[in-house]
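**Q** First, the structure itself, so that you have it in front of you.
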Amino acid sequence: MKEGDTISKTKMIKFLTGKTQTMWNREEKCFKPIALTTRYDGNEARITMLKTADPYQVIRAKSDTQEIKLIYNVKKKEVTQGTILPVDWRDK
């Protein structure tokens, strides 16, 4: 993978399956884990930044509706951590 590449829906779902991020739950007034596949809206994302620090790659990608950050373990060929936010999250 390199900057400018597109991550397909199928590849993104494979990356995100079994991974969670922590989000604030208003009803229970506490942080709760939520599956990244639940947060992902299914759009292709273009890689906007890629940094390598063996054995990890920090990948930032952006679709029309979401910003995605993944920490990918190159040796194990799996995502170790991920975050998905709406594109306009900074404006809120």
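Those letters in the sequence shown? Residues 0 to 91, by numbering that gives the first Met the number 0.
Yeah, the Cβ is synthetic: ideal placement off N, Cα and C, and Gly gets one too.
Below 8 angstroms between beta carbons: does that hold for Ile6 and Tyr39?
**A** By 1-based counting over the sequence shown, the position of residue 6 is 7. By 1-based counting over the sequence shown, the position of residue 39 is 40. Not in contact: Ile6 and Tyr39 (Cβ atoms no closer than 8 angstroms).
**Q** Specify the secondary structure class of Lys10 as computed by DSSP and reduced to three states.
**A** Position 11 of the sequence shown, counted from the start, is the residue given in the question as residue 10. It is helical.
**Q** Three or more C-beta pairs under 8 angstroms: does that hold for the segment 33–50 against the segment 13–21?
**A** Judged by Cβ distances under 8 angstroms, the segment 33–50 makes contact with the segment 13–21, as three or more pairs qualify.
**Q** Please determine, among Ala60, Arg89, Trp88, Lys13, the residue with the shortest C-alpha to C-alpha distance to Glu2.
**A** For this step, residue 2 is matched to residue 3 along the sequence shown. Of the candidates Ala60, Arg89, Trp88, Lys13, the one whose C-alpha sits nearest the C-alpha of Glu2 is Ala60.
**Q** Are Tyr55 and Asn42 closer than 8 angstroms when you measure CB to CB?
**A** Numbered from 1 along the sequence shown, position 56 holds the residue referred to as residue 55. Numbered from 1 along the sequence shown, position 43 holds the residue referred to as residue 42. No.
**Q** What does DSSP give as the partner residue(s) for Glu27 in the beta ladder?
**A** Your numbering for residue 27 matches position 28 in the sequence shown. Per DSSP, none; premise fails for Glu27.
**Q** Between the Cα of Lys10 and the Cα atoms of Glu77, Pro85, Asp90, which residue gives the shortest distance?
**A** Translated into positions along the sequence shown, residue 10 becomes position 11. For Lys10, the nearest C-alpha among the options comes from Glu77.
**Q** So, at 6 angstroms on beta carbons, what are the nonlocal neighbours of Lys50 in its own chain, with the 5 sequence-adjacent residues on each side left out?
**A** Residue mapping note: residue 50 aligns to position 51 of the sequence shown, counting from 1. The answer, listed in chain order, is Val57.
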